[in-house]
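Visitor:
So this is what it looks like as structure tokens:
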């Protein structure tokens, strides 16, 4: 949300589609992907840390984590951010 307010530490240039964490359903998979199928619920981090608020986004299959039915999208997407926050706490800024 900081990006939307123009308050992010390293504000990207406009125009942009904000959003780092995402959750939704797989629309299609690439050749050689055997771990996901269209219709699967997944959560992931955007590869560029932007674009997750778009109507559709492409992420590597290895970055998409299964989400159980019944779990709302917002908490599912938020879980993907835990490692980023943990790394920043352990290593400090930068």
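In our numbering, the protein residues as written are 66 to 159.
For every residue, glycine included, the Cβ atom is placed at its ideal position computed from N, Cα and C.
Quick caveat, the model's predicted, so the values are computed rather than measured.
If you pair each beta-carbon of the segment 82 to 93 with each one of the segment 131 to 144, do three or more pairs fall below 8 angstroms?
Guide: yes
Visitor: Could you have a look at residue 70 and say whether DSSP puts it in helix, strand or coil?
Guide: The residue given as residue 70 occupies position 5 in the chain shown. Helix.
Visitor: By the three-class DSSP mapping on this structure, what secondary structure does residue 132 have?
Guide: Translated into positions along the chain shown, residue 132 becomes position 67. Reduced to three states, the DSSP call for residue 132 is coil.
Visitor: Pull up the CB-CB distance for residue 130 and residue 108, whole angstroms please, since I reckon it's below 8 angstroms.
Guide: Locating residue 130 in the chain shown gives position 65, counting from the first residue. Locating residue 108 in the chain shown gives position 43, counting from the first residue. Contact flag correct, Cβ pair sits at about 5 angstroms.
Visitor: If we count Cβ pairs, one from each stretch, closer than 8 angstroms, do we get three or more for the segment 115 to 124 versus the segment 72 to 84?
Guide: yes
Visitor: For residue 94, which residues of its own chain have a beta-carbon under 6 angstroms away from its beta-carbon, when the five flanking residues on both sides are left out?
Guide: The residue labelled residue 94 in the question sits at position 29 within the chain shown. Excluding sequence neighbours, residue 94 sits near 101.
Visitor: Starting from residue 87, follow its DSSP beta bridges and name the residues at the other end.
Guide: As a working note, residue 87 is residue 22 in the chain shown. According to DSSP, which records beta bridges pairwise, residue 87 is partnered with 109.
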